[in-house]
Each structure stands twice: as structure tokens, then as C-alpha cells.
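*Asks:* So the protein sequences, as listed, match chains A and B.
Position 315, counted from 1, in the first sequence is what the UniProt record's numbering calls 315; the numbers after and before it change by one each time, with no gaps.
Position 297, counted from 1, in the second sequence is what the UniProt record's numbering calls 297; the numbers after and before it change by one each time, with no gaps.
Yeah, the Cβ is synthetic: ideal placement off N, Cα and C, and Gly gets one too.
Protein chains: 2
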Amino acid sequence: MIVHSADPYNAEPPRAALDGHPVTPLDTFYSRNHGPIPRLDPDAWRLEVDGLVERPLTLSLDELRTRFDSRTVVATLACAGNRREELGRVRPLPGQEPWGPGAVSTARWTGVALADVLAAAGLRPEARHVAFTAPDVAPKAQPPQPFGGSIPVAKAMASEVLLAWAMNAAPLPVVHGAPVRVVVPRYIGARSVKWLQRVTAREHPSDNYFQATNYRLLPAGDDAGPGRGLPLGVVAVNAAILRPGDGEPVPAGPTRISGYAFAGEDRDVARVEVSVDGGRHWQQAELDAGAGPWAWRLWRATVDVPAGPVEIVARAWDTSASTQPESAGHVWNPQGYVNNSWPRVHVTGRPG
Amino acid sequence: MIVHSADPYNAEPPRAALDGHPVTPLDTFYSRNHGPIPRLDPDAWRLEVDGLVERPLTLSLDELRTRFDSRTVVATLACAGNRREELGRVRPLPGQEPWGPGAVSTARWTGVALADVLAAAGLRPEARHVAFTAPDVAPKAQPPQPFGGSIPVAKAMASEVLLAWAMNAAPLPVVHGAPVRVVVPRYIGARSVKWLQRVTAREHPSDNYFQATNYRLLPAGDDAGPGRGLPLGVVAVNAAILRPGDGEPVPAGPTRISGYAFAGEDRDVARVEVSVDGGRHWQQAELDAGAGPWAWRLWRATVDVPAGPVEIVARAWDTSASTQPESAGHVWNPQGYVNNSWPRVHVTGRPG
Chain A
1 MIVHSADPYN AEPPRAALDG HPVTPLDTFY SRNHGPIPRL DPDAWRLEVD GLVERPLTLS
61 LDELRTRFDS RTVVATLACA GNRREELGRV RPLPGQEPWG PGAVSTARWT GVALADVLAA
121 AGLRPEARHV AFTAPDVAPK AQPPQPFGGS IPVAKAMASE VLLAWAMNAA PLPVVHGAPV
181 RVVVPRYIGA RSVKWLQRVT AREHPSDNYF QATNYRLLPA GDDAGPGRGL PLGVVAVNAA
241 ILRPGDGEPV PAGPTRISGY AFAGEDRDVA RVEVSVDGGR HWQQAELDAG AGPWAWRLWR
301 ATVDVPAGPV EIVARAWDTS ASTQPESAGH VWNPQGYVNN SWPRVHVTGR PG
Chain B
1 MIVHSADPYN AEPPRAALDG HPVTPLDTFY SRNHGPIPRL DPDAWRLEVD GLVERPLTLS
61 LDELRTRFDS RTVVATLACA GNRREELGRV RPLPGQEPWG PGAVSTARWT GVALADVLAA
121 AGLRPEARHV AFTAPDVAPK AQPPQPFGGS IPVAKAMASE VLLAWAMNAA PLPVVHGAPV
181 RVVVPRYIGA RSVKWLQRVT AREHPSDNYF QATNYRLLPA GDDAGPGRGL PLGVVAVNAA
241 ILRPGDGEPV PAGPTRISGY AFAGEDRDVA RVEVSVDGGR HWQQAELDAG AGPWAWRLWR
301 ATVDVPAGPV EIVARAWDTS ASTQPESAGH VWNPQGYVNN SWPRVHVTGR PG
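1) Using only CA atoms, which one of B:Tyr9, B:Trp165, B:Pro22 and B:Thr106 lies nearest to tryptophan 299 (chain B)?
2) Taking just the CA atoms, how far does glycine 253 (chain B) sit from aspartate 268 (chain A)?
3) Rounded to a whole number of angstroms, what is the C-alpha to C-alpha distance between alanine 328 (chain A) and alanine 131 (chain A)?
4) Just mark valine 3 (chain A) as buried or exposed, buried being the case when its beta carbon has 16 or more other beta carbons within 10 Å.
5) Report the residue from B:Arg181, B:Leu162, B:Leu163 and B:Pro125 whose alpha carbon sits nearest the alpha carbon of aspartate 136 (chain B).
6) Just reading off the beta strand (DSSP E) that glutamate 273 (chain B) is part of, what are its end residues?
7) Exposed or buried, which one is glutamate 126 (chain A) when buried takes at least 16 other CB atoms within 10 Å?
8) Relative to the C-alpha of arginine 198 (chain B), which residue among B:Gly278, B:Asn33, B:Phe147 and B:Val274 is closest?
9) Taking 8 Å as the threshold, find out whether the stretch 209-222 of chain B comes into contact with the stretch 163-183 of chain B through three or more Cβ pairs.
10) Would DSSP call glutamate 248 (chain A) helix, strand or coil?
11) Identify every run of the beta strand (DSSP E) within the stretch 128-164 of chain A, keeping only runs that are complete inside it and at least 3 residues long; order them along the chain.
12) DSSP three-state label for alanine 201 (chain B), please.
13) Which value, in whole angstroms, describes the spacing of the CA atoms of arginine 124 (chain B) and proline 249 (chain A)?
14) Below 6 Å CB to CB, which residues in the same chain sit around valine 345 (chain A) once its five sequence neighbours on both sides are set aside?
15) Should aspartate 318 (chain A) be labelled buried (16 or more other beta-carbon atoms within 10 Å of its own) or exposed?
16) Judging by CA-CA distance, which residue of B:Val73, B:Leu196, B:Pro244 and B:Val90 is the nearest neighbour of glutamate 160 (chain B)?
17) Does the pairing of the stretch 288-302 of chain B with the stretch 12-28 of chain B give three or more beta-carbon distances under 8 Å?
18) Between the Cα of glycine 336 (chain A) and the Cα atoms of A:Pro98, A:Thr66, A:Leu47 and A:Pro244, which residue gives the shortest distance?
19) Quick check: the stretch 109-118 of chain B against the stretch 182-201 of chain B, are there 3 or more CB pairs under 8 Å?
20) Measure the beta-carbon distance from leucine 305 (chain B) to glycine 278 (chain B) and round it to whole angstroms, keeping in mind my assumption that it falls under 8 Å.
21) Report the three-state DSSP secondary structure of glycine 329 (chain B) (helix, strand or coil).
22) Cα-Cα, which of A:Pro334, A:Val347, A:Pro351 and A:Gly352 is closest to arginine 89 (chain A)?
23) Say whether chain A places a C-beta atom closer than 7 Å to the C-beta of proline 219 (chain B).
24) Out of A:Ser150, A:Pro139 and A:Pro173, state which residue places its alpha-carbon closest to the alpha-carbon of histidine 129 (chain A).
25) If we require 3 or more residues per run, which beta strand (DSSP E) segments fall completely within the stretch 267-324 of chain B?
26) Can you name the residues of chain A whose CB is closer than 7 Å to the CB of proline 266 (chain B)?
27) State yes or no: is the beta carbon of serine 320 (chain B) nearer than 7 Å to at least one beta carbon in chain A?
28) Once DSSP output is grouped into helix, strand and coil, what is the label at valine 182 (chain A)?
29) Quick one: what does DSSP say valine 175 (chain B) is sitting in, helix, strand or coil?
30) I want to verify the contact list: residues of chain B whose CB lies under 8 Å from the CB of proline 325 (chain A), in sequence order.
31) Identify which residue in B:Pro343, B:Val347, B:Ala121 and B:Pro351 has its Cα closest to the Cα of glutamate 85 (chain B).
32) According to DSSP, what are the bridge partners of phenylalanine 262 (chain A)?
33) Return the residue from the list B:Lys140, B:Val235, B:Asp222 and B:Ala224 that minimises the CA-CA distance to aspartate 7 (chain B).
34) Using 8 Å for Cβ pairs, my map puts glycine 35 (chain A) next to alanine 138 (chain A). What's the rounded Cβ distance?
35) Pull up the distance between the alpha-carbon of phenylalanine 29 (chain B) and that of alanine 120 (chain A), whole angstroms please.
36) Cutting at 6 Å between CB atoms, please list the residues of its own chain near proline 101 (chain A), excluding the five before and the five after it.
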């Protein structure tokens with residue numbers, strides 16, 4: 001793993017480690033944290049379900065597992081700061097983790113549908129958002145506070161949103177949120193709150209720092225502040241090149257390029273293209289079938305790499321025919337989020 | 001109106017005519033046709049509802065109006081070929097209407113929910129798509145055939161999809177589909193089939209030419225053919241500058257720029273920005289409130305236009321933080337669809 005910081009622990013796999021794995025192995029899954037990792041006693045753990053509900057609930061792990069049907073969903077999680085490193089090369093982003101393209105991973109999650117738990121609590125009609133609270137206190141938050149966030153109630157009631165206790169058929173590792181985390185497919189990873197302790201139905205979005213101030217797309221020149229900027233939720237269409245690596249020497253001639261792509265809510269990846277001439281000509285990549293509707297699509301193409309230095313670029317299109325913007329410079333933003341500009345790697349084709 | 005062809009009749013308003021009207025006046029609404037305009041006798045008109053339904057229906061206009069609750073929805077329709085003219089300047093698009101940014105308009109539609117009609121017919125669970133058929137025969141289709149298309153059943157069952165007989169509180173004009181047309185908000189205009197005669201529940205998308213072959217995003221270099229390319233449905237985030245017009249002399253100094261923006265299914269326009277230096281600096285535009293969830297958002301900004309020739313560019317962001325690609329050259333495609341590159345107008349700032 002490439003460790004960006006030890007405390008809080010922030011690490012991503014090298015890009016090549018993600019390649020070829022529709023489901024990411026546990027020890028390769030990226031880890032994004034804002035505070036010390038809490039170690040909760042599963043036997044003592046309780047989930048509170050409160051707010052705009054008819055019957056507030058307190059559930060032990062055993063009750064959660066036995067009162068509700070368990071479900072398994074293969075879902076990709078993507079940090080909103082994924083590919084920030086490229087933005088930082090445009091203009092520095094001090095104090096922000098310089099994520100490469102590895103802050104995205106896919107797992108097979110098992111748990112219960114959040115919708116079933118909310119139904120048991122009796123969601124009141126005035127509930128518009130569902131907020132999650134964890135115990136990990138983030139020093140960066142102003143004021144320092146536990147991590148939290150919320151999602152709209154329509155998403156919370158969708159069957160793919162889980163309260164999960166298992167990952168790739170193994171118990172959920174502590175670093176990934178044991179005993180129970182939220183999994184919100186196709187939303188930024190920050191909404192998939194780890195070490196979940198409280199689910200609160202609300203009229204308004206969470207006023208937690210990580211919803212109201214952080215994880216927002218600010219216009220260039222603007223400063224973060226409560227309610228400022230565009231709140232992030234559903235992910236934007238994006239792609240990365242996993243092989244070859246940036247700067248890697250490759251043989252001139254036919255060269256295999258591979259990577260991942262994903263799209264936001266209610267959309268799928270419809271096409272991935274690769275170019276070795278700056279986007280003048282594009283070659284269609286082959287897309288894998290994908291491990292279900294909530295998982296990324298891995299792709300591969302064999303392109304003819306000329307001798308000498310060459311930039312390889314890629315882009316994905318979603319099913320609405322939306323594609324990625326060309327340049328990182330044009331999507332640069334003060335907190336360095338949602339870099340979905342064309343991924344680029346620079347290689348040198350070595351004459352055989 | 002700017003008439004691109006008289007037969008079939010294809011016309012769009014000059015961009016300035018759209019400016020400042022959240023709802024487009026009837027005589028300004030764009031008109032896209034593929035064949036001669038049918039003149040149907042409303043008294044003799046019948047709607048057939050068939051295919052994967054329990055109880056096929058034949059409904060007169062009177063039955064449609066009295067058996068179901070009427071609904072009114074303000075919805076923007078956008079032709080998939082909107083802004084094709086800019087693509088044609090990159091590389092010619094022979095035989096394709098050279099639409100400017102006026103192939104988008106907004107009306108207040110009144111009719112019944114398609115969902116209510118499908119419920120009355122008893123949609124069978126194996127239905128996955130709902131197809132629409134009209135009588136207008138398109139000579140361009142191969143083989144020549146009446147216009148048609150389909151939408152996924154989930155969209156067909158959404159309350160905003162109407163079978164409409166009124167537009168801006170007036171009877172639906174013949175050119176806009178009288179006696180009854182479909183209105184599918186946030187889908188390409190081609191799915192809002194005019195002069196509707198048949199609604200068919202199906203397992204697969206319509207195999208009509210305008211679904212299976214036309215209205216698809218082909219990779220550059222590819223030829224149209226059944227099933228080739230990305231089928232268009234949900235619209236991509238897009239924007240246009242309505243004032244000033246391209247080539248218009250403007251006073252140097254503070255100048256008012258205005259336009260429209262819209263986003264696809266389950267997303268809203270979150271931000272519109274304007275730049276007079278090619279995207280190095282962006283200024284936030286003011287967005288109007290919008291006439292409801294299915295309508296475009298008009299926007300305006302006052303920018304400081306320097307003396308001399310200047311290019312004004314704009315871009316919209318949707319609520320997933322997806323934005324528009326920079327260049328028309330990079331989204332060029334053989335049938336000239338979905339040009340959502342940055343809109344650009346060239347003006348000359350005249351020193352006062």
C-alpha cells in the first residue's frame with residue numbers, strides 16, 4: 001500500500017494492484033480515515049435508530065443480524081479525493097491527501113438493507129435525509145467532532161444501501177469499519193460511514209462538518225465554510241489507467257492498456273476509449289461484464305504505442321452520453337475533489 | 001424561427017427568443033420532424049395500449065381525458081441534435097440538420113400520467129420497455145417506417161411522463177403532436193413521440209429505426225446500423241449562451257451574459273460558470289429558481305468584457321459534480337448528437 005499518512009491512516013494500493021481484480025482483495029482495499037481508528041467491542045456495540053421515526057430502535061449486532069434478511073451487494077467505493085494528486089500538480093492543495101487513482105476499490109459486502117431497518121423504525125413522511133454518526137473524532141473538523149454525513153431518503157430506502165458486517169465473505173476488518181459500516185453504492189465514499197453507531201432520520205442534510213463544510217466542490221478562489229459549494233453525493237463518471245504505470249518503459253508496438261471506469265446513480269459505463277495522440281483518434285476498449293450493477297467496470301485495450309515518449313489518455317462515457325472533461329486544470333477546485341478529467345499516463349515506447 | 005427544412009418541417013427559434021422565458025411561448029418552441037405532419041381527426045383518434053399487458057385497451061380522446069386524473073408538468077424537451085452546428089464546423093455532418101442551441105424549449109404540458117394508463121392495462125412483470133408508435137412515415141428511415149421509440153419501464157411508470165393534449169394551457173398544436181403526444185422529461189426529445197397512436201409494453205427496446213439505428217452515439221469512424229453505438233435516452237448535462245449572440249458587437253466593460261442549462265435524470269443543475277479567458281478564470285452565474293424539477297434553469301452573469309475580440313465560454317455542473325467537456329472536436333460523432341461541449345460565443349468588445 002502507498003501510505004499517505006499513518007495517523008489518521010490513509011493508504012491506497014499501487015494502481016497495478018487493482019488491475020485484473022473485479023473484486024478487490026481485502027488487503028488491497030483503500031483506506032480513508034479522518035481520525036484514530038476506533039476499536040469497538042462487537043458485544044457491547046449498539047445501533048441507535050432515531051430522529052423522524054415512529055419507533056426509535058436500539059439494536060445489538062445479534063438483533064441486526066437476526067431481525068432482518070441479510071443481503072450481499074458487490075459495490076465499488078470511491079473517495080471523493082481520488083486522483084487529487086493530478087490536481088495538486090496544477091496548483092498545490094496543501095493539507096489534502098495526494099490520492100492517486102487507487103482511492104477506489106470494490107468489495108462484496110454483506111449486511112442488511114438500511115431500508116429494512118428504517119421500515120422497522122417507521123420512517124415518518126417528513127424525513128428527507130438519513131444521517132449516520134460514528135465515534136471517530138476528526139481533529140481536522142471545525143470544531144473537532146466525530147465523523148458523519150447523510151444521504152437523501154430516496155437513496156436510503158433503495159435496497160442496495162447496506163449496513164454491512166462482512167466484506168468479501170470475511171468479517172468486516174476494523175480498518176474498514178467493524179463491527180458495522182454503511183455501504184452507499186455510487187455515492188462518494190465519505191457517505192459509507194464506518195463504525196456506525198447512529199442512524200437519524202432528518203428533515204435536512206446532516207450538519208456534520210464532513211457534510212456541511214467538507215466534501216464540497218468549491219469554485220476556485222472560494223474558501224470552505226458551512227453550506228458553501230456544491231455538496232458531493234452521487235459520483236461523477238470517471239476512469240483511470242491502471243497499466244502501464246506513469247513513466248513506465250513499454251515496448252513500442254502493440255501494448256496492453258487496462259483500467260477501471262465507473263458511473264453515477266442510475267447510469268452505467270457505456271464506453272471506454274483510449275488515445276495515444278491526445279484525443280484526435282480514439283480506440284474502443286473492451287469492457288468486462290462487471291460484478292453487478294453497483295460495481296466498476298474493468299477495461300482493456302491493445303494500442304499501438306509509437307517509439308519515443310507518448311501520452312496515453314482514456315475517457316469513459318456513461319449511458320446518458322456524458323463523458324469526462326479533458327483537463328485537470330479545468331476541474332481544479334480548492335479542496336481537490338472529483339477529478340474526473342481524462343486520466344493520462346506518460347510512457348516511452350522502446351523500439352524492439 | 002430558423003427553418004432548417006420545410007419538409008420535413010424542422011425549425012428552431014433564434015437563441016435570443018428563448019432568453020428570459022422560463023416557459024417557451026408556443027410560437028417559439030422548436031419543431032423537429034422526420035416526415036410529413038399527420039393531421040389526425042381527434043374524434044376518430046384512438047390510442048391502442050397493447051403488448052405485455054393483462055388487458056389491452058383502446059381509448060378515445062374523451063376516455064383518456066375522463067378515465068384518468070389529469071396532470072400538468074413543466075418540462076424541457078431537448079433534441080439530441082441540439083448544438084450540432086458546432087460539431088459540423090469541426091467535421092462536416094452531411095444530411096443532418098445543423099441545429100443551433102435552439103433545439104431546446106420548455107412548455108407546461110397537461111395530460112394524463114402514462115403510468116396510470118399502463119396500470120389500467122395491467123402491466124405484466126416481464127415488461128421492461130414501453131414503446132410508442134406514431135403514423136408519420138420517415139423517408140430517411142431504413143426501411144421507410146413510421147416514427148417510434150421506447151423508454152425503460154421504470155421511467156414509463158414515473159409520474160412525470162405524460163400523454164399530453166395541452167401545451168401552455170392551449171390545445172396541443174398539430175405541429176407539436178395533436179391530438180396526443182408523449183412527454184418524457186429529461187430524455188432526448190425523440191422519445192417524446194408526437195401523434196401517438198400506440199403504446200406497447202415489451203421485453204426489449206423498440207426496434208424502430210429511430211431507437212435501434214438512429215439516435216445513437218457512434219464512435220468516430222463507425223457507420224450507423226441496427227444496434228450499433230450507444231443508444232441515447234437520458235440527456236447529458238448541457239448549457240448554451242443565449243445572449244449576446246455569436247459575432248455580436250458589445251460594449252467593452254460590464255456585459256450581461258445569459259443562457260440556459262439542464263441536467264439528466266435524477267440530477268439538477270448545481271452551478272453555471274462563465275469565462276472570458278478560455279477557462280482560466282470562471283465567474284459564477286446566477287441561476288433562476290426554475291419552473292419545477294423537469295424544467296431547465298435560466299442563468300445570467302455580468303462579466304467584464306475586454307476591448308477587442310473575445311471568446312465567452314460557459315459550462316454547467318450537475319449535482320453529481322459532473323461538468324461539460326471543453327471541446328466540440330472531442331465529442332464529435334458521426335451522427336452529430338449530444339454536443340455538450342462548452343458553449344462559446346465570439347464577440348468584440350467596443351471601447352466606450
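*Replies:* Quick answer:
1) When only C-alpha atoms are compared, the closest one is B:Pro22.
2) In this structure, the alpha-carbon of aspartate 268 (chain A) lies about 45 Å from that of glycine 253 (chain B).
3) Their backbone Cα atoms lie some 32 Å apart in a straight line.
4) Exposed.
5) Comparing C-alpha distances from aspartate 136 (chain B) to each of B:Arg181, B:Leu162, B:Leu163 and B:Pro125 shows the shortest one belongs to B:Arg181.
6) It spans 269-275 - the beta strand (DSSP E) in which glutamate 273 (chain B) sits, taken as one unbroken run.
7) With fewer than 16 other Cβ atoms inside 10 Å of its own Cβ, glutamate 126 (chain A) counts as exposed.
8) Looking at the Cα atoms, B:Phe147 is the closest of the given residues.
9) In short, these stretches do not touch, since the Cβ pair count stays below three.
10) Collapsing the DSSP output to three states places glutamate 248 (chain A) in coil.
11) The qualifying runs are 129-138 and 145-152.
12) Of the three classes helix, strand and coil, the one that applies to alanine 201 (chain B) here is strand, per DSSP.
13) Between arginine 124 (chain B) and proline 249 (chain A), the alpha-carbon positions lie close to 57 Å from each other.
14) Once the five neighbours on either side are set aside, the close Cβ partners of valine 345 (chain A) are Ile241, Asp246 and Ile312.
15) Flag for aspartate 318 (chain A) reads buried.
16) Nearest Cα to glutamate 160 (chain B) within the set B:Val73, B:Leu196, B:Pro244 and B:Val90: B:Val73.
17) Touching, yes, given that three or more Cβ pairs across the two stretches are closer than 8 Å.
18) Comparing Cα-Cα distances from glycine 336 (chain A) to each of A:Pro98, A:Thr66, A:Leu47 and A:Pro244, the minimum goes to A:Pro98.
19) Verdict: yes, contact present.
20) First, the amino acid is wrong: residue 305 (chain B) is valine here, not leucine. Between valine 305 (chain B) and glycine 278 (chain B) the beta-carbon gap is near 14 Å, outside 8 Å, which marks them as no contact.
21) DSSP places glycine 329 (chain B) in helix when its eight states are reduced to three.
22) Of A:Pro334, A:Val347, A:Pro351 and A:Gly352, the smallest CA-CA separation from arginine 89 (chain A) is found for A:Pro334.
23) Yes, because at least one Cβ of chain A sits closer than 7 Å to the Cβ of proline 219 (chain B).
24) Among A:Ser150, A:Pro139 and A:Pro173, the Cα nearest to that of histidine 129 (chain A) is on A:Ser150.
25) Listed in chain order, they are 269-275, 297-305 and 308-318.
26) At residue 266 (chain B) the sequence reads aspartate, which differs from the proline that was named. Neighbours of aspartate 266 (chain B) on chain A, chain order: Glu265 and Asp266.
27) So yes, serine 320 (chain B) belongs to the interface.
28) Note: valine 182 (chain A) maps to strand in three-state DSSP.
29) In the structure shown, valine 175 (chain B) sits in a helix (DSSP, three-state: H, G or I).
30) Within chain B, the residues near proline 325 (chain A) are Thr323, Gln324, Pro325 and Glu326.
31) With distances taken between Cα atoms, glutamate 85 (chain B) lies closest to B:Pro343.
32) BP columns for phenylalanine 262 (chain A) point to A:Asn238.
33) Cα-wise, what sits closest to aspartate 7 (chain B) is B:Lys140.
34) The beta-carbon distance between glycine 35 (chain A) and alanine 138 (chain A), rounded to whole angstroms, is 4 Å. This is short enough to meet the 8 Å contact definition.
35) When rounded, the distance between both Cα atoms is 49 Å.
36) Closer than 6 Å at Cβ, skipping near neighbours: Arg15, Arg83 and Ala240.
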